[in-house]
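Residue numbers (this note's numbering): 42 to 429. In this text, a Cβ means the ideal position worked out from N, Cα and C, and glycines have one as well. Here is the structure we will look at.
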């Protein structure tokens with residue numbers, strides 16, 4: 042069945058999403074003359090018979106009208122994004138974000154100035170990809186203005202209308218395009234879309250580093266990361282954002298690819314992107330560690346040594362993963378790190394004076410303890426300290 046024959050979404054995932062609370066919220070709007078629908082990525086997921094993580098709602102009611110509606114019906118709410126026309130209704134502790142229909146008045150390649158409208162198709166026109174422009178009402182009726190279902194079935198991402206125009210409204214859409222392509226099963230690549238991306242790639246210089254990293258990290262952990270990175274290279278996108286993709290084939294070898302720092306560490310040769318994309322301290326530290334150690338073969342003993350050097354089990358497991366040595370993972374997970382059995386106080390009790398020499402002795406004993414496989418006892422170490 043082709044997409045234009047779809048009139049309703051009637052699946053288990055849709056019924057699961059349409060909880061009594063959500064249906065009650067919908068009735069509050071419709072009984073007062075307003076329309077309300079599920080929009081965006083949630084509709085895409087529902088069309089693919091998946092349960093979406095988040096439900097975004099849209100309505101032809103203005104923010105002011107929504108607030109009046111919630112007050113009249115004793116519904117808790119928060120004006121969480123009033124400047125964007127978004128109000129969050131809270132029902133039985135569950136938040137529902139509802140945004141007024143909008144149309145773009147002006148765009149500058151990064152942000153858009155919008156106005157509230159009553160026309161659902163007009164709102165859909167401002168969205169990026171065809172399948173993200175679909176909406177579904179609470180009865181399951183699907184509204185697909187630009188062939189989004191066709192594109193989903195064909196496993197291809199296309200922009201709404203002219204791809205160059207959509208990209209120039211917000212150049213981040215280039216990276217969003219690749220992110221959504223990377224989520225499709227065995228995606229097809231539209232030549233006109235790729236051409237528009239290539240022609241507008243310089244616009245990515247207008248996008249903040251944080252927004253770039255936010256999109257790239259999702260691409261890196263996607264099911265089709267390797268192929269997507271390849272196309273990012275062919276279109277000049279990777280070069281524009283300073284992402285090397287020559288080793289993209291290595292990404293597919295990761296056994297557990299939930300952390301974007303791991304595939305990134307396989308692609309880069311230094312830690313520079315941590316500063317370029319303004320990563321968090323934790324992300325930067327992990328990237329530096331993995332890049333520095335990825336070509337130093339690990340075995341059981343050297344992996345355990347990292348634990349004794351203060352690295353967490355997860356960090357060591359990440360290094361094993363990028364070295365394709367996850368078979369050692371169980372050893373690390375089960376390993377209980379013994380504490381170094383002596384302190385400076387123990388040496389002082391044996392007659393040593395506090396100072397530089399004491400510190401050197403401690404370091405020397407730690408090395409001997411390490412060389413013994415962390416098996417020398419406190420007495421063994423103290424006896425050796427007296428032999429110096």
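Between residue 250 and residue 213, what straight-line distance do the alpha-carbon atoms span, to the nearest angstrom?
One C-alpha to the other measures close to 11 Å.
Is DSSP giving residue 211 helix, strand or coil here?
It is a strand residue.
Which residue's Cα is closest to the Cα of residue 426: 416, 413 and 409?
For the residues 416, 413 and 409, the minimum Cα distance to residue 426 belongs to 409.
How many Å lie between residue 265 and residue 65 at the Cα?
The alpha-carbon atoms of residue 265 and residue 65 are separated by roughly 39 Å.
Please report the distance separating the alpha-carbon of residue 136 from that of residue 245.
Their Cα atoms are separated by approximately 34 Å.
Contact between the stretch 418 to 425 and the stretch 350 to 364 is defined here as three or more beta-carbon pairs at a separation below 8 Å; is this criterion met?
Flag = no, the stretch 418 to 425 and the stretch 350 to 364 do not touch.
Roughly how many whole angstroms lie between the Cα atoms of residue 288 and residue 208?
Their Cα atoms are separated by approximately 28 Å.
Check each candidate in 394, 414 and 63 and name the one with the smallest Cα separation from residue 138.
Looking at the Cα atoms, 63 is the closest of the given residues.
To the nearest whole angstrom, what separates the beta carbons of residue 241 and residue 205, a pair I think is in contact under 8 Å?
6 Å between Cβ atoms; contact.
Determine, using beta-carbon pairs with one atom in the stretch 366 to 379 and one in the stretch 338 to 347, whether at least three such pairs fall under 8 Å.
With the cut-off at 8 Å, the stretch 366 to 379 and the stretch 338 to 347 touch.
When you compare the stretch 254 to 262 with the stretch 310 to 330, are there three or more beta-carbon pairs, one atom per stretch, that lie closer than 8 Å?
Yes, since at least three Cβ pairs between the stretch 254 to 262 and the stretch 310 to 330 fall closer than 8 Å, the two stretches touch.
Kindly list the residues whose CB is nearer than 8 Å to the CB of residue 292, restricted to its own chain and excluding five residues on each side of it in sequence; keep chain order.
If we look at residue 292 and ignore the five residues flanking it on each side, its Cβ neighbours are 261, 266, 267, 270, 298, 304, 307 and 308.
Assign residue 283 to one of two classes, buried (16 or more other C-beta atoms within 10 Å of its C-beta) or exposed (fewer than that).
Classification for residue 283: exposed.
Could you name the residues that DSSP lists as bridge partners for residue 155?
In DSSP, residue 155 forms a bridge with 145.
Quickly, what does DSSP pair residue 80 with across the bridge? List them, please.
Residue 80 is bridged to 97 and 176.
Given that a residue counts as buried once 16 or more other Cβ atoms are within 10 Å of its Cβ, and exposed if not, what is residue 334?
It counts as buried.
Would you mind sorting residue 390 into buried or exposed? The rule is 16 or more other CB atoms within 10 Å of its CB.
Classification for residue 390: exposed.
Shortest alpha-carbon distance to residue 75 belongs to which of 93, 281 and 104?
Minimum Cα distance to residue 75 is reached at 104.
So residue 74 is in the alpha helix (DSSP H); what residue range does that whole segment cover?
Where residue 74 is concerned, there is no enclosing alpha helix (DSSP H), given that its DSSP letter is neither H nor E.
When the Cα atoms are used, what is the spatial distance from residue 52 to residue 96?
When rounded, the distance between both Cα atoms is 16 Å.
Use the C-beta contact count for residue 49: other C-beta atoms within 10 angstroms, 16 or more gives buried, fewer gives exposed.
With fewer than 16 Cβ atoms within 10 Å of its Cβ, residue 49 is classed as exposed.
Measure the alpha-carbon distance for residue 117 versus residue 111 and round it to whole angstroms.
Roughly 7 Å separates the two Cα atoms.
Quick one: residues in its chain with C-beta nearer than 6 Å to the C-beta of residue 185, no 5 flanking neighbours on either side, listed in chain order?
The answer, listed in chain order, is 175.
Should residue 296 go down as buried or exposed, given a rule of 16 or more other Cβ atoms within 10 Å for buried?
That one is exposed.
Compute the distance between the beta-carbons of residue 156 and residue 168, then report whether it is under 8 Å.
Contact flag unset, no.
Spatial neighbours of residue 55 within its chain, please: CB distance less than 7 Å, with the 5 preceding and 5 following residues excluded, ordered by chain position.
The answer, listed in chain order, is 87 and 181.
Here's the rule I'm using: 16 or more other beta-carbon atoms within 10 Å means buried, otherwise exposed. How should residue 310 be labelled?
That one is exposed.
Smallest Cα separation from residue 132: which of 161, 126 and 114?
Comparing Cα positions, the closest option is 114.
Would you decide whether residue 100 is buried or exposed? Buried here means 16 or more other CB atoms lie within 10 Å of its CB.
Classification for residue 100: buried.
By how many angstroms is the C-alpha of residue 252 removed from the C-alpha of residue 211?
Taking the straight line from one Cα to the other gives about 12 Å.
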